[in-house]
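Peer 1: For the protein sequence lines, the chains are A and B, in the order given.
Residues in the first sequence are numbered consecutively from 1, following the working numbering.
Residues in the second sequence are numbered consecutively from 1001, following the working numbering.
Virtual Cβ for every residue (Gly too), placed ideally from N, Cα, C.
Pasting a structure here, questions to come.
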Amino acid sequence: MTSSTASTKSRKAPAAKRVDGAMGSLLFSGSDWDFATIQRISEAVQEIGERELGLDTYRTQIEVITSEQMLDAYSSVGMPLFYKHWSFGKDFARNETMYRKGFQGLAYEIVINSDPCVCYIMEENSATMQTLVLAHAAMGHNHFFKNNYVFKQWTDASGIADYLAFAKSYIAKCEDRYGIEAVERVVDAAHALQSHGIHRYPGKRSMDLRSEERREQERRAHGEALFNDLWRTVPTKGKRDRKKTAEDRRRAILKLPEENILYFLEKTAPRLAPWQREVIRIVRLIAQYFYPQRQTKMMNEGCACFVHHRIMSRLHEQGRITDGSFLEFLHSHTSVVMQPDYNDRRYSGINPYALGFTMMQDIERICTEPTEEDRAWFADIAGNNDAYGTLRDIWANFRDESFVSQYLSPHVIRKMGLFQLMDDEEEDEYVVGSIHDERGYREVRRALARTYDVARRDPDIQVIDVDLAGDRRLELRHFVSDGVVLEPKDAERVVQHLADLWGYEVRLVESDDEEEYGEYVANPVRPILEPNPVL
Amino acid sequence: MHIIDRRRDPGGKSLANRQRFIRRARAQVRRAVREASSKRSIKEMGEGGEVTVPADGVHEPTFRPGPYGGHREYVLPGNKKFVSGDRIDRPDESGGGSGASDSGEGEDDYNFVLSREEFLELFLEDLELPDMAKRQVMGVEEQIPRRAGYRSYGSPSALSVSRTMRNSLSRRIALRRPSQDEIRRMEEGVAELEAEEGDGPALTEAKAQLELKRRRQKLVPFIDPIDVRYRRHELVPQPVARAVMFCLMDVSGSMDEHMKDLAKRFYSLLYLFLKTRYKQVDVVFIRHTHEAREVDEETFFYSRESGGTVVSTALEAMSRIVADRYPPTQWNIYAAQASDGDNLPMDNPHTVQMLREAILPLCQYYAYLEVSHDETGGSGADSDPTSLWRAYDQVARSDGRLAMRRVGHRRDIFPVFRELFARKDTKAKATAP
């Protein structure tokens, strides 16, 4: 599928080349590069990106690293500095073994959502690969980071490097003071809960004085306009309202229920020392920083693939890269955006690069050469002849889930042969739900969008209640959906970690509206806080 | 657009994390290391190497949906033949999700390569020679350098930059050496004057002043040889515990290949342990049949010889060597004896007497290892005790310095070795803060 798209592009190329032929001289020949080459390449790439695609990026900082350093970077989630923890050593051991034995190649680049945007590129890459990498990361990802609303809402690109430096030195200081093991236990426990240490909705911004005053005036004006003395005589239900139970009041004070467990612990856990709260906060904020990436993985990669594909094709059309290196590019491009079928040995889920790239190419097609079907499905964009503008708008205002539910077209569903498969515990067999036919498109699209909903992928676990004046038992509930319960062994361990942080008994109940599936109870075996005279 | 070359940055950023991982997985790594040791040949006993750690030990739990149960939906690509409502057999119990969304679930065991140091560290953890009590100030080797002020000569590597610069600064202040800033200011002044009035008395004056300052700067050097200081070190003698280990091995005809292999494995562990942990330990190898001989390492481990068995000869040889070379007042003396327990019956009383009266009083610790042919392993103590074992047993009852163990199989060597040389106060140390 992808190779056919690629070859259309290369068939087009010679014609265009004659037109633009005079424009460009070769950026490089052969596979060697030096810093001047990189400079030339990045300027050429940036020019096409900004002029033709209208991309708007952070400044880029390109860092050339060796494969060793790439392995190092892998083990700290790609970030240039990170606090120390054994789990990163574990990742390092695994990646290193995989790499040394040749099971796994290394990424060509790593890009970091920061301002300036840091791109690591490997010294082993050929000049063509460096061009590809710069187009992909320094233009594609960079644009996405800067413009997508989820990133805007949740991450502060200019502050992340400083924050990581702070986190690293703070944790190192704690280790010096309280011992590596004590810190490690807090970090372990916090890591176990980090998928539940995320605010999924932006909090209410506190108002500044002026807007508060304005609101007050508006309210008063509204009240005056509606004033009618008659209302005073109407009996109210006020008394009953005040009879709220003590429990309700308690929950209201603690702002329960709360789904951000780490936040709740940081603010409320009765037995944590201040430094332990700060460590939990660090883990929580870093998890929050990565939350947008989890929500937009597919779009982000799709955007980067689309951008690099377009930029490389343009460079080739302008005669700034040779046919040879264009073929080299196509080779690696097609292997990146390849989607194996479900029954293929290589299949391991839907390839985000493939789906994202295919959908974005399809959107371009809808904008420029719509069919009747497209006009019916996408009346707003079909045939508007502004593919890049439309895509820029999509990149800015959608995340994976909403992107699929809005823009997965019947054409893509047919092309990829998507079908829905139902697996019900009570049935002996899988049932094929909808397929790529007239009746199925919407259902397939809905089902696929749901698989990209991060809030659905993570189990919905909330802190329900705690009686701080009483036995201080922390009550949590897993709101089970579709009867899918937690992986029991893991859940047991995480609840144990939770109890250690909380310092008292913790109970997690799994239930939905109809039935209760199970419960986990843990008492702190090694309370995190030992009585410490220093504090 | 900024390009930075990071290739020359120091590598090994992950080293600290890797060490933490090893420490974390220590119990598992230790087990893996020890299992590896019983499979290795005597020669490669002390090499580093690959070990495998089960994933379970370093698992990071999270709240995640279980693999089975409930109602699930998948969207898969590549449909060629299915239509709505088709039913498909479940592949297997294990293939519950047909791989749709189970990323990060099955974790593999971890293979990783330990360096020689890491390997030995784990291999010989918590072992020590008991009761190293006699410490003394000895010859040259045990001196350590200690910082002792500064001096005006020395090797360039010992140059103390901060001290040198301090001297240089005070000298420059004392001799009123004009700073670069001052000169520049004056130059600017001169240039200004030149621009303003062409030439006049003020300009000439300023020029003369500048010339003077320049001369002064030239005459008073920035760093003078008299400023230079080097760090000085003094050698301070350290009291050290010196120890000698006597390895007594029976190589008589009754010891067959299997037994010799066990004994040699035991001694090679011991030798490795001493060489890595104690630089100051002398090792004396004595092998005996009906007569005893002191031999070097090579002969001890690799040569073949055989004959009858008279254990006391070895003990005599040992006491002779102690008298010659290792005055018990200065040396901590240890001995390890390996034998199959056969001894010339009439020699037993003499042996016991030697041991009780001559050897044990000299020793801090005496380990006796009896190798046997017990292929089932472990239950060596149940079989009939040999004559030597019986004889030693009496001594051991009354004297805590003699420890006895029996080994029947290769895999028992390492545990027994650990038992014999385990650090006695391990527990106490571990619980202390």
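Is A:G518 close to chain B, meaning its C-beta is less than 8 Å from at least one C-beta of that chain?
Peer 2: With 8 Å as the cut-off, A:G518 does not count as an interface residue toward chain B.
Peer 1: Can you tell me where the beta strand (DSSP E) with B:I1333 in it begins and where it stops?
Peer 2: N1332 to S1339
Peer 1: Along chain B, which residues have their Cβ under 7 Å away from the Cβ of A:R200?
Peer 2: Within chain B, no residue comes near A:R200; the closest Cβ sits about 15 Å away, beyond 7 Å.
Peer 1: Grouping DSSP H, G and I as helix and E and B as strand, with all else coil, what is B:L1402?
Peer 2: strand
Peer 1: Taking the alpha-carbon positions, what's the A:D490 to B:H1071 distance?
Peer 2: 21 Å
Peer 1: Assign B:M1346 to buried or exposed, taking buried as 16 or more other Cβ atoms, counted over all protein chains shown, within 10 Å of its Cβ.
Peer 2: exposed
Peer 1: Given B:T965, which residues of its chain have a CB within under 6 Å of its CB, disregarding the five upstream and five downstream residues?
Peer 2: Here chain B has residues from 1001 to 1433 only, and residue 965 of chain B is not among them.
Peer 1: For the alpha helix (DSSP H) that contains A:D400, what are its first and last residues?
Peer 2: That run of the alpha helix (DSSP H) goes D400 to Y407.
Peer 1: Please list the terminal residues of the continuous alpha helix (DSSP H) segment that includes B:V1190.
Peer 2: Q1180 to E1197
Peer 1: Using a Cβ-Cβ distance under 8 Å, would A:L421 count as near chain B?
Peer 2: yes
Peer 1: CB-CB under 7 Å to A:P202, same chain, minus the five flanking residues each way: which ones, in chain order?
Peer 2: Q153
Peer 1: Listed from N- to C-terminal order along the chain, which residues in the stretch 1070-1094 of chain B have their beta-carbon within a distance smaller than 7 Å of any beta-carbon of chain A?
Peer 2: G1070, H1071, R1072, E1073, Y1074, V1075, L1076, P1077, G1078, N1079, K1080, F1082, V1083, S1084, G1085, D1086, R1087, I1088, D1089 and R1090
Peer 1: Counting C-beta neighbours from all protein chains within 10 Å, is the total for A:F227 16 or more, i.e. buried, or is it exposed?
Peer 2: exposed
Peer 1: Beta-carbon within less than 8 Å of B:R1024's beta-carbon, same chain only, minus the 5 sequence neighbours each way: which residues are those?
Peer 2: V1058
Peer 1: Work out the CA separation of A:R493 and A:P270 for me, nearest whole Å.
Peer 2: Approximately 21 Å, taken between the alpha carbons.
Peer 1: Give a yes or no on whether 8 Å exceeds the smallest Cβ distance from B:R1007 to chain A.
Peer 2: yes
Peer 1: Give the secondary structure of B:Q1019 by DSSP, where H, G and I count as helix, E and B as strand, and everything else as coil.
Peer 2: helix
Peer 1: In whole angstroms, what is the alpha-carbon distance linking A:I41 and A:G89?
Peer 2: 36 Å
Peer 1: Going by C-alpha to C-alpha distance, which of A:T451, A:V45, A:R445 and A:V480 sits closest to A:D460?
Peer 2: A:V480
Peer 1: Quickly, what does DSSP pair B:P1145 with across the bridge? List them, please.
Peer 2: B:L1235
Peer 1: A:Q339 versus chain B: which residues are under 9 Å apart at the beta carbon?
Peer 2: P1077 and G1078
Peer 1: Name, please, each residue of chain B whose Cβ falls closer than 7 Å to the Cβ of A:G356.
Peer 2: Near A:G356 there are no residues of chain B at all, since even the closest Cβ is about 13 Å away, more than 7 Å.
Peer 1: Using a Cβ-Cβ cut-off of less than 7 Å, list which residues of the stretch 102-113 of chain A approach chain B; keep chain order.
Peer 2: none
Peer 1: Output, in chain order, the set of chain B residues within a Cβ distance shorter than 7 Å of A:Q61.
Peer 2: H1002 and I1004
Peer 1: Cβ-heavy atom distance between A:V45 and the ligand FAD below 7 Å?
Peer 2: In terms of ligand content, the structure shown is empty, and the ligand FAD therefore cannot be addressed.
Peer 1: Taking the C-alpha atoms as reference points, what is the distance between A:D471 and B:P1065?
Peer 2: 30 Å
Peer 1: Can you tell me which of A:D400, A:R294, A:E68 and A:M360 puts its alpha carbon nearest to the alpha carbon of A:L448?
Peer 2: A:D400
Peer 1: Using a C-beta to C-beta distance shorter than 8 Å, which residues of chain B count as neighbours of A:N343?
Peer 2: G1078
Peer 1: Can you name, in chain order, every residue of its own chain whose Cβ lies under 8 Å from the Cβ of B:I1413, other than the five neighbours on each side?
Peer 2: S1038, L1262, R1265, F1266, L1269 and V1407
Peer 1: Tell me which residue opens and which closes the beta strand (DSSP E) that A:G223 is part of.
Peer 2: Taken as a continuous stretch (DSSP letters only), A:G223 belongs to no beta strand (DSSP E), being part of the alpha helix (DSSP H) at L209 to A225.
Peer 1: Using a 10 Å radius around the Cβ and a threshold of 16 neighbouring Cβ atoms, would you call A:Y430 buried or exposed?
Peer 2: Residue environment: A:Y430 is assigned as buried (16 or more neighbouring CB atoms within 10 Å of its CB, all protein chains considered).
Peer 1: I need the straight-line Cα distance from B:N1332 to B:I1321, nearest angstrom please.
Peer 2: 14 Å
Peer 1: Applying the criterion that 16 or more other CB atoms from any shown protein chain within 10 Å of the CB defines a buried residue, is A:N148 buried or exposed?
Peer 2: buried
Peer 1: Which residues of the stretch 183-200 of chain A have a Cβ closer than 7 Å to any Cβ of chain B? Give them in chain order.
Peer 2: Cβ contacts with chain B: H191, A192, S195 and H196.
Peer 1: Enumerate in chain order the residues of its own chain whose CB-to-CB distance from A:S76 is below 6 Å, with the five nearest sequence positions on each side excluded.
Peer 2: Here the set comprises F82 and F88.
Peer 1: At least one CB of chain B closer than 8 Å to the CB of A:G483: is that the case?
Peer 2: yes
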